[in-house]
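Participant: Numbering of the sequence shown is given in our numbering, commencing with residue 4 and proceeding in unit increments.
By construction, the Cβ of each residue, glycine as well, lies at the ideal position given by its N, Cα and C atoms.
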Amino acid sequence: MRWTCLSEAAMQKIQYGQQDQQLIAVAIPLDTSIDSLSARASVTASSSSHELFLVLDRLEKPGNLGAAMRTADAAGATAVLLSDPACDPWNPNAIRASLGAIFTVPIASGSWHDIFSWLSYRSVRCFAARTDKTAPYWSISYPEKTAIVIGSEAHGLEDRWKSDEILPVHIPMFGKIDSLNASITGSILLFEVIRQRPTH
């Protein structure tokens, strides 16, 4: 560990927000590549245990990412996968909103194709949350290896998450707004999956 003393003006420039910090740490971020996830998540391709992944596609807002990480931690998710992320997982707002969950749940990022290929190799079935009236989420029997795919706040999920291997699911809504916050959508679907499992 190395210490460096800075002037007050320099400290004000590098600290985050309007806080008056006396100490700032600089660290090398963890490897969040999809290729390194198997080791970090302590799972193997031949594992027969339950696996539950939350896939966040092009998520834009760090606060939503942090909230989704809290949900993933509470649901005991195997990992959170960031598909073509539009925000930095180590953004201070994401870390703050996660209340530390960003350090308790394995996280990986990559292109949507790499993430989908990785999940397919592991025989994980993907369920994509969509606003069009497809099968309601409670009518699905979720398998032991499940991935829930949530779209961005602005664009939702586009056609790239449509295929015969990906089952669309729908959360019925009865108001005038046709979308939910991404982290709320993830909460509903993740906890439906674990509700169906005989043991938690």
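Extract the residue ranges of the beta strand (DSSP E) inside the stretch 129-168, only unbroken runs of 3 or more that lie entirely within it.
Facilitator: Within the stretch 129-168, the complete beta strand (DSSP E) runs of at least 3 residues are 148-153.
Participant: So which of 144, 158 and 83 has the shortest CA-CA distance to residue 190?
Facilitator: The shortest C-alpha separation from residue 190 is found at 83.
Participant: When the Cα atoms are used, what is the spatial distance from residue 72 to residue 58?
Facilitator: One C-alpha to the other measures close to 11 Å.
Participant: Could one say the Cβ of residue 7 lies closer than 9 Å to chain C's Cβ atoms, at least one of them?
Facilitator: Protein chain content of the structure displayed is limited to a single chain, and chain C is not contained in it.
Participant: Determine the burial state of residue 86: buried for a count of at least 16 other Cβ atoms within 10 Å of its Cβ, exposed for fewer.
Facilitator: Its Cβ being crowded by 16 or more others within 10 Å, residue 86 is buried.
Participant: Name the one or two DSSP bridge partners that residue 54 has.
Facilitator: Partner(s): 148.
Participant: Which of the three DSSP states is assigned to residue 34 in this structure?
Facilitator: In the structure shown, residue 34 sits in coil (DSSP, three-state: anything other than H, G, I, E or B).
Participant: With a CB to CB cut of under 6 Å and the five nearest residues on each side skipped, what residues in its chain are close to residue 35?
Facilitator: Excluding sequence neighbours, residue 35 sits near 110, 111 and 112.
Participant: Thinking residue 76 and residue 108 are a contact (beta carbons under 8 Å), I'd like their distance in whole angstroms, please.
Facilitator: Yes, they are in contact, since the Cβ atoms of residue 76 and residue 108 sit about 5 Å apart, within 8 Å.
Participant: Leaving out five residues on either side along the sequence, give the residues of the same chain with a beta carbon under 8 Å from the beta carbon of residue 172.
Facilitator: The answer, listed in chain order, is 130, 131, 132, 133, 137, 138, 139, 140, 143 and 192.
Participant: Taking residue 123 as part of the beta strand (DSSP E), name the residues at either end of that continuous run.
Facilitator: Taken as a continuous stretch (DSSP letters only), residue 123 belongs to no beta strand (DSSP E), being part of the alpha helix (DSSP H) at 115-124.
Participant: So for residue 191, helix, strand or coil by DSSP?
Facilitator: Residue state, collapsed to three classes: helix.
Participant: So, with DSSP's three-state summary, where would you put residue 175?
Facilitator: Reduced to three states, the DSSP call for residue 175 is coil.
Participant: Can you grab the Cα-Cα spacing for the pair residue 196 / residue 11, in whole Å?
Facilitator: Whole-angstrom Cα-Cα distance: 51 Å.
Participant: Figure out for me which residue from 7, 167 and 70 has the closest Cα to the Cα of residue 95.
Facilitator: Selected option, being the one with the closest Cα: 70.
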